[in-house]
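Contents: one structure, followed by commentary.
4 protein chains.
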Amino acid sequence: MVRKAEGEIGIGLVGSGFMGKAHALAFRAVGGIFPLARAPRLEMLADVTAAQAERAAAAFGFARSTGEWQALVEDPAVELVAIAAPNRLHAPIALAAIAAGKHVYCEKPLATTLEDARAMTRAAAAASVVTMVGFNYLRNPMIQTARAMIRDGEIGTVTGYRGIFAEGFMADPATPFTWRCRPDEAGGAMADIGSHAIAMARYLLGEVESVFGRLDTIHDARPASDGTTRLPVSVDDQMQALLRFRDRPFTASLSASWLACGRDNHLAFEVTGTHGAILFDQERFNELRVYRKGAAAGRSGFTTLRSGGAHGEYAAFCHADGHQLGFNDLKAIEVAQLLEAVAGGRQPESGFADALAVTAVMEAIRASSAGGGWVRPDDGDLILR
Amino acid sequence: MVRKAEGEIGIGLVGSGFMGKAHALAFRAVGGIFPLARAPRLEMLADVTAAQAERAAAAFGFARSTGEWQALVEDPAVELVAIAAPNRLHAPIALAAIAAGKHVYCEKPLATTLEDARAMTRAAAAASVVTMVGFNYLRNPMIQTARAMIRDGEIGTVTGYRGIFAEGFMADPATPFTWRCRPDEAGGAMADIGSHAIAMARYLLGEVESVFGRLDTIHDARPASDGTTRLPVSVDDQMQALLRFRDRPFTASLSASWLACGRDNHLAFEVTGTHGAILFDQERFNELRVYRKGAAAGRSGFTTLRSGGAHGEYAAFCHADGHQLGFNDLKAIEVAQLLEAVAGGRQPESGFADALAVTAVMEAIRASSAGGGWVRPDDGDLILR
Amino acid sequence: MVRKAEGEIGIGLVGSGFMGKAHALAFRAVGGIFPLARAPRLEMLADVTAAQAERAAAAFGFARSTGEWQALVEDPAVELVAIAAPNRLHAPIALAAIAAGKHVYCEKPLATTLEDARAMTRAAAAASVVTMVGFNYLRNPMIQTARAMIRDGEIGTVTGYRGIFAEGFMADPATPFTWRCRPDEAGGAMADIGSHAIAMARYLLGEVESVFGRLDTIHDARPASDGTTRLPVSVDDQMQALLRFRDRPFTASLSASWLACGRDNHLAFEVTGTHGAILFDQERFNELRVYRKGAAAGRSGFTTLRSGGAHGEYAAFCHADGHQLGFNDLKAIEVAQLLEAVAGGRQPESGFADALAVTAVMEAIRASSAGGGWVRPDDGDLILR
Amino acid sequence: MVRKAEGEIGIGLVGSGFMGKAHALAFRAVGGIFPLARAPRLEMLADVTAAQAERAAAAFGFARSTGEWQALVEDPAVELVAIAAPNRLHAPIALAAIAAGKHVYCEKPLATTLEDARAMTRAAAAASVVTMVGFNYLRNPMIQTARAMIRDGEIGTVTGYRGIFAEGFMADPATPFTWRCRPDEAGGAMADIGSHAIAMARYLLGEVESVFGRLDTIHDARPASDGTTRLPVSVDDQMQALLRFRDRPFTASLSASWLACGRDNHLAFEVTGTHGAILFDQERFNELRVYRKGAAAGRSGFTTLRSGGAHGEYAAFCHADGHQLGFNDLKAIEVAQLLEAVAGGRQPESGFADALAVTAVMEAIRASSAGGGWVRPDDGDLILR
């Protein structure tokens, strides 16, 4: 017998770089991994030129391609727009897609300014479209486990948090100036990677009440890519911040740095509670280190949990414990949650409003660094009621 | 513009359990990850009943389905037969597929007897079809890196090797009897998991010259699945072996156990050389620990390499280092190598002949355990010339 | 032939608890480990009662004992006074010892107030006696190695620092009130353990220019030791601080907590530089994890150094690498440095002035926490010129 | 008041190299750490020349010295003879000491031949003196904990064991010939370090019933220390062995190598049981990794225990957990057990008979390697009744 297509959803992807490929792989894979109410149909891919879009569509399996993202957004067969374009295009593409009634899946950062983020969040809410922002690290089954442990009191009452996202790709002052050094592309270590650390802290602990922060630009000039001139750098290389949460009794510490030589993907945290603790390091993201009081004398310590069928969506990928998920698998979980939200007509976690809250925290840290005192994030009354 | 299909290759998959799903996911994903000369077309899926096959075909995206593997093997649109059926069916399916001129991708173990493995290897060679056996752990970029380091002398002359594959799923004597306890399904810890440890040692160090081994059955009866009776167990729970290689000056040690409480996936080795060493543990398979002489006094030690763009096929999955591959990604690499071999008309690594060599080593260990002396593997002059 | 005593130095020890025993063991051992110009003679031990002092003197091998520390300080055979008494007695004992012209070895904290610390430092300087404060963790050969690596540019220019001292012994709110909860005993997590983290940062990176800090009391009451009443707690359970250094371009983060369930001795730091990084965790204090740029592609990563003959004073304890030092060995190194300073008539590192600088940083953090802005440590012009 | 000496025991130490210094430090320290019935009095030190002995006695605090070990053995003030002399002298010194009625504390190996080991064991038994051999690694509190866990069934019934001692100091074939390469000094990797691995296995699991082994000499010549000639090497660089125990149902694997580049002190084992497992690596000897069945789904894993007050003799060294013991502390525990045995008139663990059993296992492995079959250790009916 021949298999027939059931209800599908047409996907339009804008961008085919690092994250564009990750989106494409996730949309290809998701239907084989999860039983979906509506499977994705790879409808159209847009890129900066028609030729580049055509090549990427062929490579990733999209049916059609275009050199104009506007054409993709307006195409009637495209029901969901996935945005993996440069950061400054997130707002115009998303607003156009919302205006056309499309669901939107946007890479982080949501926008390059707090104003744009607010406008996008308001527009999406008004249009009742489903939105999601690519904080894919939150989909990790071990993170879901950590969050459940905190929520269910497995470590008692939470009394402390220390988070970081450190990478080393800008450690050397001889590393050239890139778009990541441009303020109008939401450059800087805080926006580029610190945003993940903020999203993680908020995902685990709830809304941020106030922040104290300091942004440092350590290397204030870098070689231009032409190799002959040097360009001034104004974005931060490093963020240090203290955070107070709305419903927590302690002050957390949060760091971000792209100068951390030797680190590739060190999104890490320590949560301590009255009866236990949880440690996580994304460089080994299939593990969680957990301490829980109550063992006999001399038998307690940190236990290393390895990902397996008891953790989040792991079992959909593999029937045996300890076989490990990869980066692209996290994106497949994210896409599955997005598609189920679309099929079910509800908002998933990590929609535009959540990304706006992260943006507001970053803006508050920026203000605190300039002014030297505690600042309350301002999300325009869209989140923090 | 609309994308057109170029040269494709029709895939027939037999089986849809743990490994069947892994095959399906790999065939779905591979074309988006790698630029392939001939992309796979998911043509037909066979399972024990038509209904089960239909469900699985729908879930995994195969065009057609059947309850008879013979129909799949003979279908003209099927050019490559992927076997993820019970072990005792590997030989009949593979031999039928070879007879029909199809390429064959078979899960391990190749067969349940050394005689079958020889017959399959001979038939495939005579028919000049491409064969591959699913030793997917060898595709790991970090294993490819370890092998290259050994080959290129980065640790000097190799002087020692200690390998193991330990899992714990049979540790408790109360764990019920399953097909894995049946000799006619190639049961026992050595065949089930030790085979991977043998394949790994051979992949890294070359042909095995002679072995001394000891197989122990620790729990000689287990509850039947009905819970009321106990069934005798004759297969091994644990293997301990010493190995001599054809071109190496040392005696290696090799262990396998499915009684290793707490282990999920501990395929591990230590290779030592005159100027360095390499450590690997598959429970963290995105890492390799490497020691190399030559650092200044007080500055030497084991360095933990994290998988990244410089290692094997990693870059096809992700543009950034340290983001980690998952189990299913290894299978995608394996399938890519298989498809490229088919497209190029050549044999990939880990074909039937390689799997036969592994089977011959296991048979020799079994003989040594019974007889108490060193035994030379006998592959019927198909490998060890 | 019979060995004759050469120049010795008479030791008087005040206190015989945890740290008192550590002092005693160090003074007993040091002469066998290191070739000393003047070996210690265990002259007298003082404790709160004559009986307790007598028992301790017998156990630790001191020749005489007393129930009055004043008698010890004034005894002519005592040339060096080691203070392991309750914190509030540090100042009176040390000032009396200095007045009597004795060298002083004082456990941390130097004093319970900044004023006392200043007075002690001034008195010692005026009397030209040798002083040392028990920041024994700084004597660790791996810390000496880390400091040398920073100083010599082995990781390039330092661009970041993140430090912590976390223990868990007060994590449970049911843990009783102790002297550590009393402000007049220099209680609180910052003074009790954070002081080590501050001393470490300063040892590695130099003088602190300004701080922003936040002290949190999470559990504001604890059971009295009688079990029937609850006592209010005003000291901090946790410190979060940002530090600017006089000669460094970045903002460091520093945390201290005694609520960190599962931690026993987690004095840890990460230093990043333009060409490398160093990680340390005192729960494995015989190790240092080091990253240095320059390895071939795919061959770089963090290298775990194990303590050995190339590191600091290790070789005096053991001729073979990797055999590990213990906590009491660090104290023996400290005592050796103290005795050599006395013999050589010079000041060792970690004298009173260094401890005063640490106290001034703590006082600044306290002020910042109360006021909400950056504060400059004030050591009364004794240190920060 | 002045402290008076109570019952003491006069110590005579032969040798002042690596292990001689370790003995001296332990005898100096032990009385401050432990409350002893009879404290050691450092009476006399012997070395190859009177001058060398005098220097060492002064450095280590011995009252007298001699260039003739016979004088030490016969000195009436010496009650216990500690032997840290070259291996070939162990037998004559020990036999003389026993003949003089002295207690004997001998470094491992007990002797350079099985015959000597038997003779020494018989003589000591006949003379009823206390004997101990320096298998100090067995005194580690974490090893005592592991043994207790095995004995008490905390991991269920033991079903597997894999042990190793690997160091790298002979890895390079350019490393010169030393006394460790001489058969008449009990040279070779098995005797030098493998003996510790055998002693560990026996300490944890009981008597060895039979062995299969293979000894490999990888580098069959090494430069003489004069640098101009090469000397042939006949001792083993590496041992691989399988062991059957008298009261255990499984075959264990045991390895020893001094070619293991990057290893300093890798005495390691994995014990698996029906309900748990224990991992140990002496390169982090203050830790034990333990798995125990029974946690909730997704909450089980290996727990890292850090040494603390609940483990063996730890509390005598430090009042706080996690502060870590060092190599010399293990020797102090050993000496305390020896002195208590002497004071109590009983035999401690690791007496001559235990060391003889280890020697017999090594002799059996040697015979198996030559003959190619299983061999039963023969201790002359002194141990294995």
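Protein chains in written order, with our numbering: chain S, 3 to 387; chain F, 3 to 387; chain X, 3 to 387; chain Y, 3 to 387. Note that beta-carbon positions come from the ideal geometry of N, C-alpha and C, so glycine has one too. Bear in mind the structure is a predicted one, so any value in this text is a computation, not a measurement.
Query: At 7 Å on the CB atoms, spell out the chain F contacts of X/Ala299, in chain order.; Result: Ala312
Query: Tell me whether the beta-carbon of F/Gly305 lies closer than 8 Å to the beta-carbon of X/Phe304.; Result: It should be noted that the sequence gives Thr, not Gly, for residue 305 of chain F. Yes, Cβ-Cβ distance for F/Thr305 and X/Phe304 is below 8 Å.
Query: Between the region 355 to 372 of chain S and the region 162 to 173 of chain S, can you find at least three pairs of beta-carbon atoms closer than 8 Å?; Result: no
Query: Classify F/Ser257 as helix, strand or coil using the three-state DSSP reduction.; Result: strand
Query: Tell me, please, whether the CB atom of Y/Thr231 is closer than 8 Å to any CB atom in chain F?; Result: no
Query: On the premise that F/Asp49 lies in contact with F/Ala55, defined as a C-beta separation below 8 Å, what is that separation, rounded to the nearest angstrom?; Result: 4 Å
Query: So which residues of chain X does S/Tyr205 contact, with C-beta pairs closer than 9 Å?; Result: The contacting residues do not exist; S/Tyr205 stays about 20 Å from chain X at best.
Query: Based on Cα-Cα distance, which residue from S/Gly373, S/Gln284, S/Gly278, S/Leu307 lies nearest to S/Leu293?; Result: Note that residue 293 of chain S is Tyr in the sequence shown here, rather than Leu. Checked all of S/Gly373, S/Gln284, S/Gly278, S/Leu307; the closest Cα to S/Tyr293 is S/Gly278.
Query: For the candidate residues X/Tyr107, X/Met241, X/Glu336, X/Ala299, whose alpha-carbon lies nearest to that of X/Tyr316?; Result: X/Glu336
Query: Leaving out the 5 sequence neighbours to the left and right, which residues in its chain are closer than 6 Å to X/Gly17 when beta-carbon positions are compared?; Result: Ala86, Ala87
Query: Just confirm the distance between the C-beta atoms of X/Ala201 and X/Val360, as a whole number of angstroms; I'd bet it's less than 8 Å.; Result: 5 Å
Query: When the cut-off is 8 Å and only beta carbons count, does X/Gly22 lie next to chain B?; Result: You won't find chain B in this structure, because its protein chains are S, F, X and Y.
Query: Tell me whether X/Leu38 sits in a helix, a strand or coil according to DSSP, three-state version.; Result: coil
Query: If you draw a straight line from the C-alpha of F/Ala258 to the C-alpha of Y/Val273, how long is it?; Result: 14 Å
Query: Does the CB of F/Leu307 have a neighbour CB from chain X at under 8 Å?; Result: yes
Query: Any idea if F/Thr68 is buried or exposed, counting beta-carbon neighbours within 10 angstroms, 16 or more meaning buried?; Result: buried
Query: For F/Tyr2, which residues of its own chain have a beta-carbon under 6 Å away from its beta-carbon, when the five flanking residues on both sides are left out?; Result: One cannot answer for residue 2 of chain F here, as it falls past the ends of chain F, which runs 3 to 387.
Query: For a contact defined as C-beta to C-beta under 8 Å, what are the partners of Y/Phe304 on chain S?; Result: Thr305, Thr306
Query: Compare the C-beta of F/Ala173 with all C-beta atoms of chain Y and state if any pair is closer than 8 Å.; Result: yes
Query: Report buried or exposed for Y/Ala226, applying the criterion of at least 16 other Cβ atoms within 10 angstroms of its Cβ.; Result: exposed
Query: Since Y/Asp249 and Y/His221 should fall inside the 8 Å C-beta cutoff, what is the C-beta to C-beta distance between them, to a whole number of angstroms?; Result: Not confirmed; about 38 Å, so no contact.
Query: Locate the alpha helix (DSSP H) running through S/Ser370, then write down its first and last residues.; Result: 354 to 373
Query: If you drop the 5 nearest sequence neighbours on each side, which residues of the same chain put their C-beta closer than 7 Å to that of F/Leu290?; Result: Met144, Thr147, Ala148, Ile280, Phe282, Leu307
Query: Specify the secondary structure class of X/Gln242 as computed by DSSP and reduced to three states.; Result: strand
Query: Among S/Arg124, S/Ala223, S/His325, S/Glu81, whose alpha-carbon lies nearest the alpha-carbon of S/Arg184?; Result: S/Ala223
Query: On the DSSP bridge list, what partners appear for X/Phe304?; Result: F/Thr306
Query: In whole angstroms, what separates the C-alpha of X/Asp381 from that of S/Ala203?; Result: 37 Å
Query: Could you give the DSSP three-state label for S/Leu206: helix, strand or coil?; Result: helix
Query: Going along the chain, which unbroken runs of the alpha helix (DSSP H) with 4 or more residues stay wholly within the region 72 to 97 of chain Y?; Result: none
Query: Provide the residue span of the beta strand (DSSP E) that contains F/Pro143, from first to last.; Result: No beta strand (DSSP E) contains F/Pro143, which is instead part of the alpha helix (DSSP H) from 143 to 153.
Query: Would you say S/Ile220 lies against chain X (beta-carbon separation less than 8 Å)?; Result: yes
Query: Does the region 229 to 244 of chain X touch the region 227 to 235 of chain S, meaning 3 or more C-beta pairs lie closer than 8 Å?; Result: no
Query: Just checking: is the beta-carbon of F/Thr123 within a distance shorter than 8 Å of some beta-carbon in chain X?; Result: no
Query: Where does the unbroken alpha helix (DSSP H) through S/Met172 begin, and where does it stop?; Result: S/Met172 -> no alpha helix (DSSP H), and no H or E assigned at all.
Query: Are the beta-carbon atoms belonging to Y/Asp331 and X/Asp323 less than 8 Å from one another?; Result: no
Query: Am I right that F/Gly14 and F/Arg43 are in contact with their C-beta atoms under 8 Å? What's the rounded C-beta distance?; Result: Incorrect: roughly 10 Å between the Cβ atoms, too far for contact.
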